[in-house]
Amino acid sequence: MKKIYLLMSFLFFLIACEKNDDSKFVEVETVFDDPDWIRLKVPAGGEIHSVAGSIDDTLLVTTLAKAYFTADGGKTWKESKNFSGTVPGLLTSKDTIFAFIASGFDPAMGRKYAGSPTSYTLNKGLTWQSYHDGARFIQTGVATSKKDLTTYRLKYSSGADTEGNGTNWVLRTTIDRIKRNGEASQFEHPVKDHQPLNLHMDSQDKLYISTGGSFSKTGVYVGASVTSPAYVYVSKTEL
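Residue numbers for the sequence shown follow this note's numbering, so the first one is 38 and each next one is one higher.
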């Protein structure tokens, strides 16, 4: 009986040790080092759905619930507005940035849209004013350079996973580059562990790739939680 008691005590000790080890587990963030790209990290927000402005001035981004801006190249971020939901599109018109809260998808054309702007800012996200236009919409996931009119466009993919399961899983999104003459090719970019969600081109023709979430072992997109970091990738020079 004494031997059984000692054995049970030893097993409970091992279980306690295993639980203690698990509680100390901390996910190690991947180190990003690329000669042509910068990765900006928003400490919370999970996913970056839209971008406006420039890393060289003030950059405004929207996440799963809120908008944030940085004026120091991404070193620090300040909350701009709590939208209590995603803002799939930001439209800049002169000094005004409009926030679009609705989203839509045209499967035949493979294009996504943002609609119904509900607010705008005249000072790059410091303050917001109410605005409503239910008939207005913009295409998202596309950006065009001003220098040579090269267009970058998200190419969405869905279907079975790598093991052949399912038929309509959200898979990895790629980026097409379409030159002015119509020549198209797949654009190579540094985003490996996250899903590209939107594109933005600033006045200096630097490309911004909004990202979020991750992928399962079978290649299926997994959305992020609102408390996890969010990332945007920025080209160091014009494209």
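The C-beta atom is built at its ideal place from N, Cα and C for all residues, glycine as well.
The DSSP-derived three-state label of THR158 is strand. The C-beta separation of ILE134 from LEU97 comes to about 6 Å, placing the pair in contact by the 8 Å criterion.
Secondary structure of ARG148 (DSSP, three-state): strand. Burial check for GLU200: the Cβ neighbour count within 10 Å stays below 16, so the residue is exposed.
Cα atoms of TYR168 and SER156: separation of roughly 5 Å, rounded to the nearest angstrom. In the DSSP assignment, ILE85 is bridged to no other residue. Judged by their CB atoms, TRP74 and LYS273 are nearer to each other than the 8 Å cut-off.
According to the DSSP assignment, VAL269 belongs to the beta strand (DSSP E) that extends over 267 to 272.
Taking a C-beta distance under 8 Å as the contact criterion, THR210 and GLN176 do not qualify as a contact pair. Spatial neighbours of LYS183 in its own chain (CB-CB distance under 7 Å, excluding positions within 5 residues in sequence) are listed in chain order as ASP242. With respect to the 8 Å criterion, VAL263 and ALA151 are not classified as neighbours on the basis of their beta carbons. Separation of ARG217 and THR181 (C-alpha to C-alpha, rounded to the nearest whole angstrom) is 10 Å. For the 8 Å CB-CB criterion, ILE215 and THR188 form a contact.
If only complete runs of 3 or more residues are kept, the region 171 to 197 shows the beta strand (DSSP E) at 174 to 177, 179 to 181 and 188 to 192, in order along the chain.
Beta bridge pairing from DSSP links LEU244 with MET238. In the structure shown, SER117 falls within a strand segment according to DSSP collapsed to helix, strand and coil. By the Cβ neighbour-count rule, SER130 is exposed, with fewer than 16 other Cβ atoms within 10 Å of its own. CA-to-CA, the gap between VAL259 and THR248 works out to about 12 Å.
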